[in-house]
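For reference, the structure discussed in these notes is given below.
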Amino acid sequence: MRTFLVLTIGAALLQSAPASPPFKLTDITREAGIAFTHHNGAFGKKYLPETMGVGPAFFDVDRDGDADLMFANGADWPEKRSGGAKPPSGSGPRLYRNDGRGAFTDVTAAYGLQIDAYGMGVAAADFDNDGQVDLLLTAVGQNRLLRNTGRGAFTDVTTRAGLGGREAFSTSALWVDIDKDGWLDLLVCNYVKWTPQTDIHCSADGREKSYCTPEAYRGSTSWLFRNRGNGTFEDITATSGLFDVTSKSLGATILDYDQDGWPDLFIANDTQPNKLYRNNHDKTFTELGLQAGLAFSEDGRARAGMGVDAADYNHTGRPSVVVTNFWGEMLGLYTPAEAGRYIDRAPSSDVGRATRQTLGWGCFFFDVDLDGQLDLLVVNGHLDAAAARAHQRAGQYPNAPTPRVGGPEAAESPHLFMNRGAQGFRDAAAEVGGAFAKPKVGRGAAFADIDADGDLDVVMTTNSGPAYLFRNDLANGNRSVRLRLRGVTSNRDAIGALVRAKINGRTSSALVKTGSSYLSQSELPITFGVGSGKSADDVTIDWPGGKREPLGSIPAGTEVTVEEGRGIVARRTITPSAAASPSPTTPR
21 MRTFLVLTIG AALLQSAPAS PPFKLTDITR EAGIAFTHHN GAFGKKYLPE
71 TMGVGPAFFD VDRDGDADLM FANGADWPEK RSGGAKPPSG SGPRLYRNDG
121 RGAFTDVTAA YGLQIDAYGM GVAAADFDND GQVDLLLTAV GQNRLLRNTG
171 RGAFTDVTTR AGLGGREAFS TSALWVDIDK DGWLDLLVCN YVKWTPQTDI
221 HCSADGREKS YCTPEAYRGS TSWLFRNRGN GTFEDITATS GLFDVTSKSL
271 GATILDYDQD GWPDLFIAND TQPNKLYRNN HDKTFTELGL QAGLAFSEDG
321 RARAGMGVDA ADYNHTGRPS VVVTNFWGEM LGLYTPAEAG RYIDRAPSSD
371 VGRATRQTLG WGCFFFDVDL DGQLDLLVVN GHLDAAAARA HQRAGQYPNA
421 PTPRVGGPEA AESPHLFMNR GAQGFRDAAA EVGGAFAKPK VGRGAAFADI
471 DADGDLDVVM TTNSGPAYLF RNDLANGNRS VRLRLRGVTS NRDAIGALVR
521 AKINGRTSSA LVKTGSSYLS QSELPITFGV GSGKSADDVT IDWPGGKREP
571 LGSIPAGTEV TVEEGRGIVA RRTITPSAAA SPSPTTPR
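In the numbering used here, the protein residues as written are 21 to 608.
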């Protein structure tokens with residue numbers, strides 16, 4: 021009888037054991053030509069920005085159809101330099117141009133991007149509708165607006181555009197057409213009131229200086245700039261309803277909270293309530309974070325909100341919101357409940373239990389295995405090992421888990437939560453490649469199809485460490501449908517467009533958006549995984565300008581370019597991944 025029971029239980033365990041993911045995330049950083057290391061300028065003073073890291077951004081700098089890659093970067097602090105010293109060679113942003121096959125060349129100097137600034141994040145979009153992608157680099161100090169000339173160079177138009185003379189501790193930023201006039205407006209998140217001159221001496225043990233928590237500094241309002249359509253911007257922060265000096269903002273995303281076709285804004289705040297700004301259609305917003313259930317944790321606490329994303333991961337037709345938080349707090353996974361309200365599902369799920377043990381930063385929803393379900397990636401890393409141990413000893417985070425022997429370390433493994441539908445999410449990070457799961461002091465993260473094979477690849481940054489580029493080697497035969505949107509009366513990049521498709525009996529939706537994650541930006545093209553299905557059906561686009569455009573069915577394994585009012589104007593067949601084909605290249 022005992023033998024029978026053992027065999028039966030063993031069989032049950034085998035049957036319930038989840039299958040290994042049908043893909044690997046292969047570290048191709050070096051072979052792809054990426055040689056970026058974050059320079060945080062630390063020299064013993066333990067300045068607050070040194071812990072924050074930087075973000076990557078995928079965008080098509082030369083409009084050849086490939087996802088190019090840029091990294092923001094720090095710099096030396098002025099007091100470290102002797103009079104008139106040049107910035108160190110490892111500082112300043114880096115731009116890498118993609119050859120279409122996932123191999124990159126550093127073109128920073130060629131594009132005139134040797135910028136001496138303590139950079140933080142990147143937001144890329146065509147703000148002047150000239151067909152070229154422009155850049156907003158956020159920084160500690162003066163942000164930089166860089167206009168793409170279309171001739172292989174950028175021009176600094178910060179002052180001319182009306183964004184000069186404003187210094188702050190800026191973090192994430194995003195482009196969004198808040199008034200649907202066809203011109204992209206700009207949201208810039210600001211963190212706290214900090215400069216080297218106002219730095220505070222914090223110490224967790226009463227002796228040695230440690231990195232301060234944000235409670236040591238006053239908050240700082242985010243900024244909202246309206247695009248006038250003539251190359252200049254108007255500061256509408258106060259008149260729009262976004263002015264709020266209590267906020268300490270790190271991450272932001274676009275969503276349509278009330279399903280009215282107008283872009284709303286969600287901002288993640290560190291130790292302050294998160295904010296949800298509903299668009300009132302008249303260049304003003306109403307803040308509804310508390311009413312919507314998005315401001316606090318389940319027990320009513322303001323957490324250390326850092327990274328954020330919004331997507332319809334459970335096919336309800338309404339976006340859910342994910343927010344990464346500090347070690348011991350777990351992330352927030354807010355899903356729509358009754359109209360206008362959200363419930364945090366993390367505390368009762370594997371997602372909550374796993375993320376309570378880690379300190380999260382960048383995050384995003386994406387369909388990594390192309391099965392039609394959106395998965396969730398979260399990048400982790402403590403401030404530094406000394407701070408982690410000091411915080412624990414001082415009891416600054418009483419809800420934190422018991423640390424490992426010797427205290428928590430700065431490097432932590434990322435999470436890759438696979439969406440199993442009604443069964444919830446399962447963390448498969450340890451199963452998709454040793455280099456991916458290796459502990460890192462993670463910060464920013466973004467995704468794009470870098471090699472034109474239809475699946476989504478991943479980049480991560482680490483604090484005062486290297487960037488990592490992971491190629492998605494998908495081996496299950498699943499295919500995708502990809503859409504590149506081009507606005508005409510809407511903004512050129514179609515930011516704010518909502519794409520819907522029926523896939524394998526379920527309706528999926530995706531919003532074209534910048535921002536999200538933490539200090540980062542993923543590619544703008546939309547990818548729908550269709551699994552083994554033959555097509556994405558009933559595809560429709562709700563353009564930002566208000567027009568609805570039906571496209572019908574799009575065969576699996578196809579990428580289309582759609583122009584507003586003209587439908588599909590170009591298409592290509594997606595070549596299988598390198599794992600399935602020895603030649604991953606396809607002429608564009």
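Yeah, the Cβ is synthetic: ideal placement off N, Cα and C, and Gly gets one too.
Rounded C-alpha distance that separates residue i from residue j
| i | j | result |
| --- | --- | --- |
| S537 | N250 | 30 Å |
| M72 | V328 | 15 Å |
| V74 | G535 | 13 Å |
| L244 | R171 | 30 Å |
| D477 | R227 | 45 Å |
| D558 | T257 | 39 Å |
| Q162 | A137 | 8 Å |
| T593 | A77 | 26 Å |
| F384 | I135 | 28 Å |
| T482 | F467 | 16 Å |
| A181 | W97 | 27 Å |
| L262 | S40 | 45 Å |
| Y297 | E307 | 4 Å |
| L166 | A374 | 40 Å |
| G325 | L115 | 28 Å |
| A449 | D126 | 30 Å |
Beta-carbon separation (whole angstroms), residue i vs residue j, contact threshold 8 Å
| i | j | result |
| --- | --- | --- |
| A193 | L207 | 6 Å |
| R506 | R499 | Not really, about 23 Å apart at Cβ, beyond 8 Å. |
| G139 | D471 | Actually they are not in contact, since the Cβ atoms of G139 and D471 sit about 27 Å apart, beyond 8 Å. |
| S528 | F548 | 6 Å |
| N289 | S317 | With a Cβ gap of about 13 Å, N289 and S317 do not count as contacting. |
| G281 | V265 | No, G281 and V265 are not in contact; Cβ-Cβ is about 31 Å, not under 8 Å. |
| N400 | V343 | Actually they do not touch by this definition, with Cβ atoms about 14 Å apart. |
| G497 | S555 | With a Cβ gap of about 15 Å, G497 and S555 do not count as contacting. |
| P564 | D197 | 5 Å |
| F646 | G132 | Given that the chain is displayed from residue 21 to residue 608, the structure contains no residue 646 and the question cannot be resolved. |
Close beta carbons around residue i, own chain, < 6 Å, minus the five adjacent residues each side
| i | result |
| --- | --- |
| A313 | With the sequence shown as reference, residue 313 is identified as Gly, and Ala is not the correct amino acid for it. Here the set comprises R361 and Y362. |
| N149 | R512 |
| I588 | V580 and V582 |
| P575 | S555 |
| V479 | P76, A466 and L489 |
| Y211 | F189, T191 and K268 |
| P459 | A431, E432 and S433 |
Classification of residue i by the beta-carbon crowding that lies within 10 angstroms, buried from 16 upward
| i | result |
| --- | --- |
| F63 | exposed |
| D332 | buried |
| S433 | buried |
| A359 | exposed |
| A495 | exposed |
| K44 | buried |
| D473 | buried |
| R568 | exposed |
| H435 | buried |
| G525 | exposed |
| T336 | exposed |
| E584 | buried |
| E99 | exposed |
| H301 | exposed |
| S540 | buried |
| L310 | exposed |
| S230 | buried |
| P570 | exposed |
| T49 | buried |
| E51 | exposed |
Range covered by the beta strand (DSSP E) that runs through residue i
| i | result |
| --- | --- |
| D176 | F174 to D176 |
| S573 | R568 to P575 |
| E529 | One detail in the question is off: residue 529 reads as Ser in this sequence, not Glu. Per DSSP, S529 belongs to the beta strand (DSSP E) from R526 to L531. |
| G549 | I546 to G551 |
| A144 | Y138 to A145 |
| S537 | Per DSSP, S537 belongs to no beta strand (DSSP E) and is neither H nor E. |
| T593 | G587 to T593 |
Same chain, Cβ closer than 8 Å to residue i, five either side skipped, listed in chain order
| i | result |
| --- | --- |
| D469 | A87, D475, L476, D477, R502, E543, P545 and T547 |
| I220 | C232, A236 and Y237 |
| G151 | R83, G170 and R512 |
N- and C-terminal bounds of the alpha helix (DSSP H) containing residue i
| i | result |
| --- | --- |
| D370 | D370 to T375 |
| G309 | G309 to A312 |
| G454 | G454 to A457 |
Nonlocal neighbours in the same chain, by C-beta distance under 7 Å from residue i, ignoring five residues either side
| i | result |
| --- | --- |
| D255 | W243 and F245 |
| T57 | G110, G485 and P486 |
| F253 | A181, G182, L183, L206, F245, R246 and N247 |
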